[in-house]
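Student: Take a look at the following structure, please.
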Amino acid sequence: MTRVLKSSADSFKRAVDILRAGGLVALPTETVYGLAADAANDDAVKKIYAAKGRPTHNPLIAHIFDPKDAEKFVDISPLAQQLMDVFWPGPLTLVLPKTSEDISLAAGAGLDTLAVRCPKAKWAKAFLKLGFRGPIVMPSANRSGHVSPTTAQHVLDDLGKTIDMIIDDGECPNGIESTVLKIEGDKAILLRPGAIPTEDFIPYISDLRLAKTTAQPSAPGMLQSHYSPNASVRLNALEKRPYESYLAFGPTDVKSDFNLSLKGDLAEAARNLYSALRALDTVDTIAIAPIPRTGLGAAINDRLKRAAADKGT
Ligand code: AMP
Ligand code: MG
């Protein structure tokens with residue numbers, strides 16, 4: 000039975016005990032809820048893949064609690080260091096050359112790189128105080144391919160019977176996953192748009208290149224169908240058709256079932272996106288209004304495109 004405990008010093012201590020014993024705990028982060036396991040423990044890492052039904056070719060992000068710990072696991076170029084200094088702790092994941100054998104090979108999909116992030120979360124500081132430095136691996140705490148969870152209830156709905164504990168700290172403030180950059184020396188490739196808009200990197204990265212979406216397993220994390228509700232998704236919809244729910248953005252005359260942000264605010268829309276997709280997932284088709292592509296709109300449109308993609312199964 001999965002226990003749901005409110006965020007507190009006591010629940011953080013229990014979480015550390017479970018992680019040390021090789022169990023799985025869902026933790027709230029500034030992006031979405033994550034499913035954590037001790038990154039050094041092969042069996043615990045394999046349990047994550049089993050609980051999520053995640054393909055083993057899709058690698059996991061290693062999460063550290065102190066930015067200084069990154070140097071123990073990856074090779075840090077001056078550009079990578081600068082990005083860590085500016086954006087950590089925060090919703091930025093950096094894919095870098097792996098230098099450590101302390102991370103379970105089960106987490107790495109056979110790659111010679113490691114994705115690292117230092118999240119901004121109350122429990123991270125508490126874990127350090129308890130003498131637990133991690134790293135933990137922590138994908139989003141949803142069934143593989145489904146919509147990411149932004150509340151403890153979403154985690155319970157997806158993974159309820161299979162994990163040991165969920166720490167409940169209400170709704171995640173960003174509501175959309177971290178931005179993932181692959182760093183090769185002084186070059187950066189955007190693997191996944193996310194909670195930090197690409198515009199924010201302009202002062203540090205002169206030519207941020209875009210990775211191409213692919214269905215090939217050799218390019219992890221860029222699977223075409225992902226973040227999917229059960230319903231079909233119709234994008235850039237300007238009207239609501241029969242048997243559809245309508246997800247609006249900004250002021251509109253269309254009779255809407257939910258509005259991601261009445262005032263047209265992209266941060267509010269990102270925060271509401273996954274809750275809305277889950278709540279409206281009772282119909283044949285969810286029709287979704289056009290969303291601007293600037294700022295956080297890039298990440299929102301990326302997720303919507305994948306939610307709408309043919310699952311091919
Ligand atoms: P999630 O599973 O929701 O935490 O998302 C993590 C994302 O990071 C996935 O899209 C992974 O495929 C991607 N990722 C993790 N490690 C690597 C890596 N070494 N190289 C490229 N992408 C990675
Ligand atoms: Mg995920």
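Just so you know, we're using numbering that gives the first Met the number 0 here: the sequence shown kicks off at 0 and counts up by one.
All residues carry an ideal CB built from backbone N, CA and C; glycine is no exception.
Using only Cβ atoms and a threshold of 6 Å, which residues come within that distance of a heavy atom of the ligand MG? Order them by chain position.
Tutor: Spelled out in chain order, the answer is Pro138, Ser139 and Ser147.
Student: Give the straight-line distance between the Cα atoms of Ala187 and Pro241, rounded to the nearest whole angstrom.
Tutor: Whole-angstrom Cα-Cα distance: 45 Å.
Student: Closest by CA to Arg277, which one among Arg13, Val154 and Ala79?
Tutor: For Arg277, the nearest C-alpha among the options comes from Val154.
Student: Is Pro96 near the ligand AMP - that is, is its Cβ less than 7 Å away from at least one heavy atom of it?
Tutor: No - the ligand AMP has no heavy atom lying nearer than 7 Å to the Cβ of Pro96.
Student: According to DSSP, is Arg233 helix, strand or coil?
Tutor: Three-state result, Arg233: strand.
Student: According to the Cβ coordinates, are Leu91 and Ile201 closer than 8 Å?
Tutor: Not a contact, by the Cβ cut-off of 8 Å.
Student: Using a Cβ-Cβ cutoff of less than 7 Å, which residues in the same chain neighbour Ala69 once the five nearest sequence positions on both sides are dropped?
Tutor: Cβ neighbours of Ala69 beyond the five flanking positions: Ile63, Ile75, Met83 and Val115.
Student: Helix, strand or coil: how does DSSP classify Glu70 here?
Tutor: Helix.
Student: So, helix, strand or coil for His153, using DSSP?
Tutor: In the structure shown, His153 sits in a helix (DSSP, three-state: H, G or I).
Student: Any idea if Arg302 is buried or exposed, counting beta-carbon neighbours within 10 angstroms, 16 or more meaning buried?
Tutor: Looking at its Cβ environment, which holds 16 or more other Cβ atoms inside 10 Å, Arg302 is buried.
Student: Between the Cα of Ala20 and the Cα atoms of Gly159, Arg191 and Asp37, which residue gives the shortest distance?
Tutor: It is Asp37.
Student: Report yes if the C-beta of Ala297 is less than 7 Å from at least one heavy atom of the ligand AMP; otherwise report no.
Tutor: No, the ligand AMP has no heavy atom inside 7 Å of this Cβ.
Student: Going by alpha carbons, who is nearest to Tyr226 out of Ala307, Lys46, Lys181 and Pro172?
Tutor: When each option's Cα is compared against that of Tyr226, the closest is Ala307.
Student: DSSP state of Ser139, grouped into three classes?
Tutor: Strand at Ser139.
Student: State the DSSP-derived secondary structure class of Ile299, mapped to helix, strand or coil.
Tutor: Ile299: helix per DSSP, three-state reduction.
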